[in-house]
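Numbering (our numbering), first residue to last: 989 to 1439.
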Amino acid sequence: MRKLSALLLVLLLTISAGLPSATIAKQPSKGKEVALSKQLKAISKQTYRYFEEFTVEETGLTYDAIRYDDNGEMIPQKHTSPTNIGIYMMSTIAAEEAGHLSHKKAKEKIKTTLDTLEDMEKWNGLFYNWYNTSDGSLYTDWGEFISTVDNGWLSAGLIVVGQAYPELHDQSDEIVQNMDYSTLYTPEVGQMRGGYDVAAESYTAHHYGAFYTEPRVASYIAIGKGDVPEEHWWKMHRTMPESWDWQAQVPEGYMETYDGVDVFEGHYSYNGTKYVPSWGGSMFEALMPPLVLKEQELGKDALGLNNQRHAEIQIEYAKEQGYAAWGMSPAATPEDYSEFAATPLGMDGYESDGTVTPHATFLALDYAPMEAFKNIQQLKRFDIYGKYGFLDSVNVETGEVTNAYLALDQGMTMVSIINYLKDGVIRDYFHESDIGKAPEELLIKEEFSIK
């Protein structure tokens, strides 16, 4: 009944948004919904195997990635990030919700992680970007950086833990309360810095100025905690100003005032469809934040509608390129890691070369479930499904598969699946918290210029 209600809500939102009838047809029939749900549960079980096998039992920290060489030998990357830790905890909750773990076992796993987090080295309560999984010590091969966006995802995971397991609330909440986001905020600009280099004692030159990107979770949490003022939400750019001619399109739109702050409600267009762009045009910039934020429910005239548009344009763009599957987002490649996108969706769009990553399909479940169902079948034709679920990427032009799994992408898949199957349960946990509730009006009151 809960899922039926969720599908009805999506249908009503689609109709009210004035989207084409083809979008409405993407909602699964009863039989296909059952088939999709059964397949998703099976995929979640395989996907969570990654966390079961590559999380250090003594620390509760998960390897960043594993790769396989040409001989099939596994090469583990035994460091981790705040985002990985946050997404691991949410994935463990998801595994319990799916019936893959007992409540006792899930709670024990997360308690181990919380105990490790308490003892890890921090800067103003914020976490460094890389730690060794063996003991939680700093991994300094890649510097000593404090990342705004990564801390946001760790905070999100901790907030969800505190609601899913009330007996862990005080411990998780204390860690979150000690994470001082004001140290990364520039009041004169009204935006968050990209981060802080502890070794060099310097902030990044850039701020997170683009609103529709994955750092909006950190911004939401910083406001919810009271570390930064609400005006920060309105100081980010929906599009860059019309005069900034380096951006991909000259935006259209109008000025609107929210809470005394003037906001340019700008938009781009693709084949006649209006949308607010992300920075690069990737799926996780658009659809990773609603893993925890109720954008579809509360921001139906702004973020929720825009999320729908990004999912649809990703699909349309891939078809126009002649790709056999869709879903462009940063992912592992045979050589390294790179950024991919439906290029027109970005202010400064990442390239698209035919590389598709499965996590993008799962992020789109709430917005295009029938298309996601079809895309899963298409992806499996590339021999990309393995012991731990889907490998990280495939180039659908050449057929080359990246023989690697990334903790982040496994986690996005897990949380997306359980949100779809359990009617947004992870989002519910997040918004039940004081931090999640406090800024909800920011989601509700805005109206983008894209209707």
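Positions of the beta carbon are idealized from the N, C-alpha and C atoms, including for glycine.
Q. If you count every other CB in all the chains shown that lies within 10 Å of the CB of R1369, and 16 or more means buried, which is it?
A. exposed
Q) Would E1109 pass as a contact of A1187 if the rule is Cβ separation under 7 Å? A) no
Q: Classify V1413 as buried or exposed, calling it buried when 16 or more other Cβ atoms lie within 10 Å of its own Cβ.
A: buried
Q. Under the rule that 16 or more other beta-carbon atoms within 10 Å means buried, what is S1017, buried or exposed?
A. exposed
Q) Are T1101 and G1048 touching if we call contact CB-CB under 7 Å? A) yes
Q) Per DSSP, what kind of secondary structure is G1140 in: helix, strand or coil? A) helix
Q: Determine the burial state of S1079: buried for a count of at least 16 other Cβ atoms within 10 Å of its Cβ, exposed for fewer.
A: buried
**Q.** Minimum C-alpha distance to A1395 - residue among E1041, E1045 and A1053
**A.** A1053
Q. So does the segment 1222 to 1237 actually touch the segment 1327 to 1335, counting three or more Cβ pairs closer than 8 Å?
A. yes
**Q.** Cut-off 6 Å between Cβ atoms - residues of its own chain near G1183, not counting five sequence neighbours on either side
**A.** F1133, I1134, S1135, T1136 and T1192
Q | Closest residue to E1218 among E1244, Y1200 and P1175 (Cα-Cα distance) | A | P1175
(Q) Determine whether the beta carbon atoms of T1349 and A1360 lie at a separation below 7 Å. (A) yes
**Q.** Residue closest to T1050, alpha-carbon to alpha-carbon, out of I1063, S1032 and S1069
**A.** S1069
Q.
So, with DSSP's three-state summary, where would you put P1175?
A. coil
Q. Quick one: Cα of L1028 to Cα of D1411, how far?
A. 14 Å
Q. To the nearest whole angstrom, what separates the beta carbons of W1221 and L1430, a pair I think is in contact under 8 Å?
A. 5 Å
Q: Figure out for me which residue from K1375, T1331, L1279 and E1162 has the closest Cα to the Cα of A1352.
A: L1279
(Q) Could you tell me the alpha carbon to alpha carbon distance between D1289 and A1274, rounded to whole angstroms? (A) 15 Å
Q: Kindly indicate the opening and closing residues of the alpha helix (DSSP H) around N1363.
A: P1357 to K1368
Q) Candidates G1124, L1114 and N1072: which alpha carbon is nearest D1107's? A) G1124
Q: Report the residue from I1406, E1189 and Q1296 whose alpha carbon sits nearest the alpha carbon of K1026.
A: I1406
Q: Buried or exposed for A1023, please, with buried defined as at least 16 other CB atoms from any protein chain shown within 10 angstroms of its CB.
A: exposed
Q. Do the CB positions of A1313 and N1363 come within less than 7 Å of each other?
A. yes
Q: Could you tell me whether the Cβ atoms of A1320 and S1404 are closer together than 7 Å?
A: no
Q: Determine which residues share a DSSP beta bridge with M1243 and list them.
A: F1252
(Q) Once the 5 residues before and after L1367 are set aside, which same chain residues still bring their CB inside 6 Å of it? (A) A1313 and P1346
(Q) Only counting the same chain, and skipping five residues up and downstream in sequence, which positions put a Cβ closer than 8 Å to that of I1063? (A) I1054, R1055, Y1056 and D1057
Q | Identity of the residues DSSP links to A1329 by a beta bridge | A | BP columns for A1329 are empty, so no partner.
Q: Round the Cβ separation of L1281 and R1415 to the nearest angstrom and send it over; I've been treating them as touching at under 8 Å.
A: 7 Å
(Q) Runs of 4 residues minimum, wholly inside the segment 1008 to 1061: which ones carry the alpha helix (DSSP H) assignment? (A) 1009 to 1012 and 1018 to 1041
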